[in-house]
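Numbering-wise (the UniProt record's numbering), the sequence shown opens with residue 1 and increments by one.
Even for Gly, the Cβ is constructed at its ideal location relative to N, Cα and C.
Note that the structure is predicted; figures quoted are calculated from it, not measured.
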Amino acid sequence: MKIFCAPDGLSAETINNNQNELLLATIDYARQMSPFYKEILQNAGTLQSAAHAREYLDKLPFTTKQDISNNNWNFLAVKKQDIAEFVSTSGTTGEPVFLALTENDLERLTCSEERNFNTINAGKEDLFHIVVTCDNLFTAGIAYYRGLIRRGASVARIGPKSIIRHFQLIKELRPTGIVAVPSFMHYLIRHANEIGINIPDLGIEKIVLIGDSIRNTDFSTNTLGSFIENSFRRKVFSTYGISEGQISFGECEFHHGLHGHTDFVYVEIVSDEGIPLQDGEIGEMVITTLQHEGMPLIRYKTGDITFKLSGQCLCGKNSVRIGPVLGRKHHRLKVKGVTLYPKTIENAIFHLKDVINYQLEAYTGDTKTDHIILRIGSHRNDDKFRSSLIDILRAKTRVVPEIEIASPNEIEKKLFEGGSRKAITFKDRRIKLHE
Ligand SMILES: [Zn+2]
1 MKIFCAPDGL SAETINNNQN ELLLATIDYA RQMSPFYKEI LQNAGTLQSA AHAREYLDKL
61 PFTTKQDISN NNWNFLAVKK QDIAEFVSTS GTTGEPVFLA LTENDLERLT CSEERNFNTI
121 NAGKEDLFHI VVTCDNLFTA GIAYYRGLIR RGASVARIGP KSIIRHFQLI KELRPTGIVA
181 VPSFMHYLIR HANEIGINIP DLGIEKIVLI GDSIRNTDFS TNTLGSFIEN SFRRKVFSTY
241 GISEGQISFG ECEFHHGLHG HTDFVYVEIV SDEGIPLQDG EIGEMVITTL QHEGMPLIRY
301 KTGDITFKLS GQCLCGKNSV RIGPVLGRKH HRLKVKGVTL YPKTIENAIF HLKDVINYQL
361 EAYTGDTKTD HIILRIGSHR NDDKFRSSLI DILRAKTRVV PEIEIASPNE IEKKLFEGGS
421 RKAITFKDRR IKLHE
C-alpha cells in the first residue's frame with residue numbers, strides 16, 4: 001500500500017470525499033488484518049460504500065488505552081517481519097504500551113512532519129537544534145528529524161542534555177531553529193538570564209514546541225507562550241502529537257488552531273457520554289487513524305480535552321484544526337463549581353520570579369468535591385508573597401487552592417517521591433467514583 005499524501009490547498013468537499021474513501025479503506029483493512037477489530041467490525045455489519053462511512057463509524061464502540069494495554073498484540077495488523085520500528089508510550093497504569101510501525105508508517109509520519117515544517121517555511125537554509133528525545137522508543141523526536149531532513153533542512157539531534165551542553169552547541173553550530181518542550185525553553189531562558197546571555201543574540205528564529213499548550217482557548221498566547229515569545233522576540237509554533245496513532249498537528253502562521261492531516265487522521269470530539277460534539281464545543285478528542293498499517297486505531301479515545309474547527313483557516317487551508325489541549329480528561333478538577341485542569345493552575349504561577357518549583361495535590365473533601373493543595377517551593381514565605389499568589393490564582397483560575405510554602409529542596413523531594421524519574425507536578429489522591 002503506497003501512502004497517499006494529499007497536497008495542501010484541497011477544497012473542503014475534496015477533503016470530505018477523500019476522508020470517506022480512507023475511512024472505508026481503514027475499516028476494510030482493520031476487519032481483515034487486526035485481530036482486535038475483526039470481531040467488532042463483523043458485529044457491526046458491512047460498510048456498503050464510502051458515502052456511508054461516517055454514519056457507520058458513529059455506531060462503533062470506542063477504543064481505549066486500556067484496550068491496547070489488555071490486548072497489545074491483538075492490535076498488530078501486519079506480520080512481525082514487516083515491522084520497521086517499535087515505539088512505546090506509557091499505558092494507563094504506567095506500564096508501557098507498544099506500537100508497531102511499518103516502513104509505510106514511517107513514510108506517513110515523515111509526510112505529516114514535512115508538511116508541518118513546510119507550513120512554517122523551514123527548509124534548506126535552516127539548522128534545527130532538536131532537544132526532544134530521539135531514542136528510548138519515543139516517536140516524536142524521530143518524526144521531527146525525518147520531517148526536517150525531507151524538507152532539506154539540517155538537524156542536530158541533541159536530546160535532553162545538560163543546559164551547558166545546549167549552550168555550547170548553540171554557540172558552536174548557530175542553529176536557526178529549535179524543537180523543544182516549553183518547560184525546556186523556560187529553563188533555557190532563565191539560565192541565559194542568569195549567565196548574562198541576551199536571548200535574541202542566540203539567533204534562533206523558528207521555535208517549534210511540543211507538549212504543554214501555549215495558547216488559550218481563544219488562541220491568544222498564554223503566560224508560558226508569551227514568556228518564550230517575548231524572550232526570543234519571535235512567534236512560536238505549537239505542535240501536538242499522539243503516539244498511539246502516529247499522528248501530528250501543527251500551527252500555521254496565523255496560530256489559529258493546530259492543523260491536522262486529513263489524509264492520516266479523522267478527528268471527533270465527544271462528550272463524557274460519548275456523543276459527538278459540534279465545532280467549538282469542548283470534549284475529549286477521539287481519533288481514527290487513516291493509512292496506518294502497523295496498528296490501525298478506530299475511534300480511539302485520546303484522553304485529551306480540546307475542541308475542533310472544520311471551517312477554512314485564515315491561511316486558506318480547509319484541513320481540520322484542533323484547539324489547544326486544555327488537559328487530560330482524568331485530571332479534570334471540579335472545585336466549588338469551577339471546572340479546571342491542573343495545567344491552568346501551573347500556567348498561572350510557574351513564571352513568577354520567586355516560584356522555584358511547585359506541586360499540586362488533589363483530594364476528595366468531606367463534601368465529595370475536589371480540594372487542591374498547591375505546594376510552592378520558594379525562598380520567600382512572607383504574607384506579601386502569599387497574598388500575591390492568591391490574587392494571581394483568583395484572577396487567572398477563579399480558584400484559590402490551599403497554599404503551602406516550603407523550601408525548594410523540600411518540594412524537590414516531593415516531586416521525585418518514591419524514586420520517580422519524572423517530576424510529579426500533579427498528585428491525584430481523589431477517590432474515583434466512576435471511570
Ligand atoms: Zn492555518
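Query	Result
Spatial distance of Leu258 from Gln19 (CA atoms)	18 Å
Proximity of Val132 and Ala192 at Cβ, strictly below 8 Å	no
Secondary structure of Met285, DSSP reduced to three states	strand
Own chain partners of His434 with C-beta closer than 8 Å, once the 5 adjacent residues on each side are dropped	Residue confidence for His434 is low, a pLDDT of 48 falling below 50, so the modelled location carries little weight; the figure read from the coordinates is stated next. No residues qualify anywhere along the chain.
Backbone CA spacing between Glu412 and Gln278 [nearest angstrom]	42 Å
Ala180 (DSSP reduced to helix, strand or coil)	strand
Same chain, Cβ closer than 8 Å to Asn216, five either side skipped, listed in chain order	Asn222 and Pro324
Same chain only: Cβ atoms within 6 Å of Glu251, ignoring 5 sequence neighbours per side	Phe237, Ser238 and Leu258
Pairwise C-alpha distance: Pro160 and Tyr145	15 Å
Own chain, CB closer than 6 Å to Gly203, minus 5 neighbours either side, in chain order	Arg174
Same chain, Cβ closer than 7 Å to Val270, five either side skipped, listed in chain order	Pro276, Leu277, Gly283, Glu284 and Val286
Any non-hydrogen atom of ligand 1 closer than 7 Å to Val414 Cβ	It is Lys, not Val, that sits at residue 414 in the sequence shown. No, ligand 1 has no heavy atom inside 7 Å of this Cβ.
Length of the line joining the Cα atoms of Asn16 and Thr288	15 Å
Under 8 Å between C-beta atoms of Ala50 and Leu10	no
Between the CA atoms of Leu99 and Lys80 - distance to the nearest angstrom	12 Å
Gln312 versus Thr306, Asp304 and Ile322, residue with shortest Cα-Cα distance	Ile322
Continuous beta strand (DSSP E) assignments of at least 3 residues falling wholly in the stretch 194-242	206-210 and 236-242
Gln380: first and last residue of the uninterrupted alpha helix (DSSP H) it sits in	Here the sequence assigns Arg to residue 380, which means Gln is not the residue at that position. First-last for Arg380: undefined, no H or E at that position.
Boundaries of the beta strand (DSSP E) in which His129 is found, first to last residue	Leu127 to Ile130
Which listed residue (Val355, Pro96, Lys206 and Asp58) has its alpha carbon closest to that of Trp73	Pro96
Nonlocal neighbours in the same chain, by C-beta distance under 6 Å from Val87, ignoring five residues either side	Leu99, Leu137 and Thr139
Spatial neighbours of Cys134 in its chain, beta-carbon cut-off 7 Å, leaving aside the 5 residues before and after	Gly141, Ile142, Tyr145, Arg157 and Gly159
C-beta atoms of Thr64 and Lys329 nearer than 8 Å	no
Per-residue burial, Asn116 [other beta carbons within 10 Å of its own, 16 or more giving buried]	buried
Integer Cβ distance of residue 497 from Phe62, believed to fall under 8 Å	The chain is shown from 1 up to 435; residue 497 falls before or after that span and cannot be answered.
Sequence-distant residues of the same chain with beta carbon closer than 8 Å to Thr102, five excluded per side	Val78, Asp82, Ile83, Ala84, Glu293 and Gly294
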